[in-house]
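Protein chains: 2
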Amino acid sequence: MKIIDSISRMSVLIKILKKEGKSIGFVPTMGYLHEGHLSLVRTAKKHTDVVAMSIFVNPIQFDRREDLEKYPRDFKHDEGLARDAGVDIIFYPSVKDMYPDGYSTYVNVEGLTDYLCGSSRPGHFKGVTTVVAKLFGIVKPDIAYFGQKDAQQAIVIKRMATDLNMDIEIKILPIIREKDGLAMSSRNINLSEPERKDAAVLFQALKKAEALVKEGERDAKKIIRQMEAMIKGKETAKIDYISIVDTKDLKPMSTVLSEALVALAVFFGKTRLIDNIIVKA
Amino acid sequence: MKIIDSISRMSVLIKILKKEGKSIGFVPTMGYLHEGHLSLVRTAKKHTDVVAMSIFVNPIQFDRREDLEKYPRDFKHDEGLARDAGVDIIFYPSVKDMYPDGYSTYVNVEGLTDYLCGSSRPGHFKGVTTVVAKLFGIVKPDIAYFGQKDAQQAIVIKRMATDLNMDIEIKILPIIREKDGLAMSSRNINLSEPERKDAAVLFQALKKAEALVKEGERDAKKIIRQMEAMIKGKETAKIDYISIVDTKDLKPMSTVLSEALVALAVFFGKTRLIDNIIVKA
C-alpha cells in the first residue's frame with residue numbers, strides 16, 4: 000500500500016496508472032475509519048483494478064470551528080485498517096496543499112442543498128462538493144464510492160458529477176450499523192456512555208417510521224410526531240431536524256407517496272449524528 | 000472535420016482519442032468566429048495532435064436577455080472558417096443537452112470576480128466558469144486556449160483550473176486587432192457605421208495609458224482621467240468602466256507599480272465592448 004501525501008506526487012502516480020490502462024476506484028474519507036468506510040473499499044476492490052482512499056479532514060465543510068477541532072483523527076490506526084481492507088493507495092494531503100494562499104474556487108449544487116443538513120449547516124455542502132471536485136480532479140477515478148448514511152451528500156454529489164460532466168460513476172452503498180442499530184460514524188467516538196446508549200433511539204425511530212408507512216400511514220406530520228416523541232424520551236437527545244422528503248429533489252413531502260427519504264439529525268450532548276431510511280408507500 | 004452535436008457522442012469520441020494516446024487542444028468559443036479565434040486554433044495545432052473547438056452560446060453567462068438574443072450566430076460560416084483553420088472536431092451542443100431540467104451545479108471563483116466586468120455584469124463569470132468546467136469535463140483537453148481580450152476571464156479560468164486540480168494547461172494568446180486597432184470581437188458586427196468608427200478610440204486610449212506610464216506617470220487616477228476624456232470625445236460612446244488593476248488579484252491600483260492591467264468596457268450604442276493592455280512601470 001502506497002501512502003502519498005502531496006497532490007503533485009499523487010498526480011504523477013495516477014498518470015502512470017492511467018497509462019497502464021488501470022481502472023481506479025475511489026473512496027473519499029475524513030479518516031477515523033470504521034466498518035462503513037471499509038465496506039466501500041471491499042466493494043471497490045471487486046469493481047476496479049486499483050483502490051485509492053483519501054483521508055482528509057476538509058476544513059471548509061465545517062460550519063462550526065469546534066466541530067472541526069473535535070473531529071477525531073488517528074492516521075496510524077486508519078493506515079492499518081486500510082491496508083487490511085486492501086486499499087492500494089492512501090492519499091493524505093495537507094490543508095495547505097489543498098487550499099493554498101489565494102484559493103478562490105467553489106462548486107455549489109443549488110436547490111438540493113437548501114433542505115435537511117443544508118439548512119442547519121449553511122455552507123457545509125459547498126465545502127463538500129468543492130473538496131470532492133478537487134479530489135476527483137486529482138484521483139481521476141472511474142468509480143467513486145459513498146455511503147448512504149450521508150443521504151443528502153450522496154444525492155448532491157451525484158448531481159454535481161452529472162451536471163459537470165465528470166464522467167465518474169457514483170456508487171452509493173448501504174449504511175453499516177452497530178449491533179443496536181446505531182449507524183457507524185467517526186463521530187460516535189465523541190459520545191459519552193449515556194449518550195451512546197440514547198443514540199440507539201435514532202434507528203428505532205426510523206424503523207418506527209418504516210412500520211407506520213407499511214401499516215398505511217401517509218401523513219408525514221403524524222409520522223414525524225411519533226418519531227419526535229420517541230427521541231425526546233431520551234435525556235441526552237436534542238433534535239436538529241426530522242424530515243420526510245422526496246428522494247430525488249429532497250423537497251419536504253406532506254403526504255408519503257411512492258418513495259420517501261426519512262432523514263434526521265439529532266444532537267447527543269455536543270455530538271450531532273445523522274441517520275436515514277428510505278421507505279416505500 | 001467532425002461536427003458533433005451531442006455530449007454523449009463527444010464523450011465516446013474523446014474516449015477513443017485518449018485511448019489512442021492523442022493529445023487534445025481545445026478552443027472554447029461562442030461562435031461567430033473571427034481572426035482572434037482562428038489564431039488560437041493555429042497555435043493549438045502546433046502543440047497538440049487533435050484540435051477541438053466548441054461553439055456554444057452559453058445562456059447562463061448573459062446578464063441581459065437582450066444581449067443573449069442579439070448575440071450573433073452563423074454556424075455555416077463558422078464551419079467553413081474552422082475547417083480552413085484546421086479544426087479537427089467542432090463540438091456544437093444544444094442548450095438542452097448542456098443544461099437539462101434539474102440542472103443545479105455552479106462553479107464560482109470568488110474574489111477575482113468582484114472587480115471589472117464582474118461588478119458590472121453580476122453572475123457573468125459564474126456562468127463562464129460553470130460552462131468551461133463542463134466543457135473541460137466533456138472534452139478533457141491537455142491544453143485549452145483563451146484570448147487575452149477577455150483578460151479577466153483568462154485570469155479567472157486559470158484560477159479555476161488550478162484550484163480544482165483540473166490538470167489542464169491554460170494558454171492565453173494575444174489580442175488580434177483590426178487595422179484601426181479595434182480588438183476583434185463577435186460583437187463588432189452589431190456596431191452601426193458611426194459606432195464602428197468611434198470604437199477605434201478604445202485602443203487609442205489604451206495606447207495613451209501605455210505612453211503615459213512610459214513617460215513616468217504613476218497616478219492611476221490621472222491616467223484614467225485622460226483616457227476618459229478621449230473616449231467621451233466620441234458621440235456614441237458611454238463608459239461602463241476604466242480600471243487599472245493588479246494583473247494577479249485584479250485589485251484596483253492607485254499607483255502603477257511594476258505590472259498593471261489597464262482594462263475598460265465601453266458601450267457604443269447598445270453594444271458593450273471590452274479591451275485591455277498590460278503596462279509595465
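Residue numbers (numbering that gives the first Met the number 0), protein chains in the order written: chain S, 0 to 280; chain Y, 0 to 280. In this text, a Cβ means the ideal position worked out from N, Cα and C, and glycines have one as well. These numbers were taken from a predicted model, which means no experiment stands behind them.
query                                                                                                                                                                           : result
Determine, using beta carbons only, whether Y/H36 and Y/V26 come nearer to each other than 8 Å.                                                                                 : yes
With DSSP as the reference, identify every bridge partner of S/E258, one or two as the case may be.                                                                             : S/K279
Under the rule that 16 or more other beta-carbon atoms within 10 Å means buried, what is Y/T28, buried or exposed?                                                              : buried
Spatial neighbours of Y/R217 within its chain, please: CB distance less than 8 Å, with the 5 preceding and 5 following residues excluded, ordered by chain position.            : T254, V255, L256, A280
So which of Y/E78, Y/A132, Y/K133 has the shortest CA-CA distance to Y/Y31?                                                                                                     : Y/E78
Quick check for students: name the residue ranges of the beta strand (DSSP E) that lie wholly in the segment 0-38 of chain Y, counting only runs of 3 or more.                  : 1-3, 23-28
Report the partner residues of Y/D218 according to the DSSP bridge assignment.                                                                                                  : Y/T254
In whole angstroms, what separates the C-alpha of S/D239 from that of Y/H76?                                                                                                    : 59 Å
Do you know offhand how far S/P251's Cα is from S/T128's?                                                                                                                       : 22 Å
Whole beta strand (DSSP E) runs in the segment 62-122 of chain S with 3 or more residues, listed along the chain?                                                               : 88-90, 104-108
Counting only the same chain and skipping the five closest in sequence on each side, list residues whose C-beta sits under 7 Å from that of S/L16.                              : I23, V49
Quick one, which of Y/S103, Y/D100, Y/K14, Y/D149 has its alpha-carbon nearest Y/F124's?                                                                                        : Y/D149
So, does the CB of S/D141 fall closer than 8 Å to a CB anywhere in chain Y?                                                                                                     : no
Which residues in the same chain as Y/I175 place their Cβ atom closer than 6 Å to its Cβ, once the five residues preceding and following it in sequence are excluded?           : E34, G35, S38, M183
I'd like to know if the segment 49-58 of chain Y and the segment 86-101 of chain Y are in contact, where contact means that at least 3 CB-CB pairs between them fall below 8 Å. : yes
Per DSSP, Y/F145 is paired with what?                                                                                                                                           : Y/I171
Under the three-state reduction of DSSP, which class applies to Y/V49: helix, strand or coil?                                                                                   : strand
Any contact of the segment 191-202 of chain Y with the segment 225-235 of chain Y, i.e. 3+ C-beta pairs under 8 Å?                                                              : yes
Between S/V106 and chain Y, is any beta-carbon pair separated by less than 8 Å?                                                                                                 : yes
Consult DSSP for Y/T129 and reduce its assignment to one of helix, strand or coil.                                                                                              : helix
Using only the alpha-carbon positions, how far apart do S/D245 and S/A259 sit?                                                                                                  : 5 Å
With a threshold of 8 Å between beta carbons, is S/M165 in contact with chain Y?                                                                                                : yes
Based on DSSP bridge pairs, tell me the residues matched to S/T235.                                                                                                             : BP columns for S/T235 are empty, so no partner.
Looking at Y/I241 and the ligand GDP, is the gap between the Cβ and the nearest heavy atom below 7 Å?                                                                           : As presented, the structure is devoid of all ligands, the ligand GDP included, so that no description of it is given.
What in chain Y is Cβ-close to S/Y102, meaning under 7 Å?                                                                                                                       : D162
How long is the line joining the alpha carbons of Y/D274 and S/K139, rounded to whole angstroms?                                                                                : 37 Å
Measuring straight from C-alpha to C-alpha, what distance separates Y/L181 and S/F90?                                                                                           : 50 Å
Whole angstroms is fine: what's the gap from S/G85's alpha carbon to S/R41's?                                                                                                   : 7 Å
Pick out whichever of Y/I276, Y/L263, Y/I277 has its Cα sitting closest to the Cα of Y/G117.                                                                                    : Y/L263
Output, in chain order, the set of chain S residues within a Cβ distance shorter than 9 Å of Y/R8.                                                                              : None at all; the shortest Cβ gap to chain S is about 13 Å.
Within 10 angstroms of the Cβ of S/D162, are there 16 or more other Cβ atoms? Answer buried if so, exposed if not.                                                              : buried
Which residues mark the beginning and the end of the alpha helix (DSSP H) in which Y/D197 is found?                                                                             : 192-197
Using the beta-carbon of each residue, which ones in chain S are nearer than 7 Å to Y/E78?                                                                                      : The contacting residues do not exist; Y/E78 stays about 24 Å from chain S at best.
Pick helix, strand or coil for S/S184, following the three-state DSSP scheme.                                                                                                   : coil
Is there at least one Cβ from chain Y nearer than 8 Å to S/A132's Cβ?                                                                                                           : yes
So, is Y/G241 buried or exposed, given that buried needs 16 or more other C-beta atoms within 10 angstroms?                                                                     : Checking the sequence, you will find Ile at residue 241 of chain Y rather than Gly. Under this definition Y/I241 is a buried residue.
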